[in-house]
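*Asks:* In terms of this note's numbering, the sequence shown is residues 3 to 135.
Where a beta carbon is used, it is the ideal one built from N, C-alpha and C, also for glycine.
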Amino acid sequence: MAWRVTVPELHDQLQCPICLEVFKEPLMLQCGHSYCKGCLDSLSQHLDSELRCPVCRQSVDCSSSLPNVSLARVIDALRLPGDTEPTVCVHHRNPLSLFCEKDQEFICGLCGLLGSHQHHRVTPVSTVYSRMK
3 MAWRVTVPEL HDQLQCPICL EVFKEPLMLQ CGHSYCKGCL DSLSQHLDSE
53 LRCPVCRQSV DCSSSLPNVS LARVIDALRL PGDTEPTVCV HHRNPLSLFC
103 EKDQEFICGL CGLLGSHQHH RVTPVSTVYS RMK
């Protein structure tokens, strides 16, 4: 069987839309979209009303979200031996995946979406590292 996907394209498919990092403990919502367990937990704690999927905006019930076992297995199979976990946000325990240009600090996706950095210009960490090379 021939494969047409490149490594960057595959990496994009393995990223949580909230924190922009490779999924950690991926959960699948009823709509079929997946997110990190920590991202969904943090997001649901900050909302007063019903949770809507950040991608398709469908109303969902987080408590009935199931682990996306297939996705977790793919990620585990592609992970390099000895790969260390990224530094995490002290507020949300999510990976520090963004860089706040205004405050010049690394933040998680929820800090950029709901926290004190929500109206600041943020850049994905991978872009910042590319600029530094």
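(1) Quick check: the segment 60-72 against the segment 111-124, are there 3 or more CB pairs under 8 Å?
(2) How about the segment 40-56 and the segment 93-103: do they share at least three Cβ pairs that are nearer than 8 Å?
(3) Please report the straight-line C-alpha distance between Asp21 and Val127, rounded to a whole angstrom.
(4) Helix, strand or coil, according to DSSP, for Ser36 in the structure here?
(5) Tell me the DSSP secondary structure of Leu53 in three-state form.
(6) For Thr129, which three-state DSSP category applies?
(7) Please report how far the alpha carbon of Phe25 lies from the alpha carbon of Val71, in whole angstroms.
(8) Just how far apart, CA to CA, sit Arg123 and Leu100?
*Replies:* So, from the data block:
(1) Segments in contact, no.
(2) Look at the beta carbons and you see the segment 40-56 touching the segment 93-103: at least three pairs across the two are nearer than 8 Å.
(3) According to the sequence shown, residue 21 is Cys rather than Asp. Distance between the alpha carbons of Cys21 and Val127 is about 11 Å.
(4) Ser36 carries a strand assignment under DSSP once its states are collapsed to helix, strand and coil.
(5) When secondary structure is reduced to three states using DSSP, Leu53 falls in the strand class.
(6) Three-state result, Thr129: helix.
(7) Using only the alpha carbons, I get a separation of about 11 Å.
(8) Going by the C-alpha atoms only, they are around 10 Å apart.
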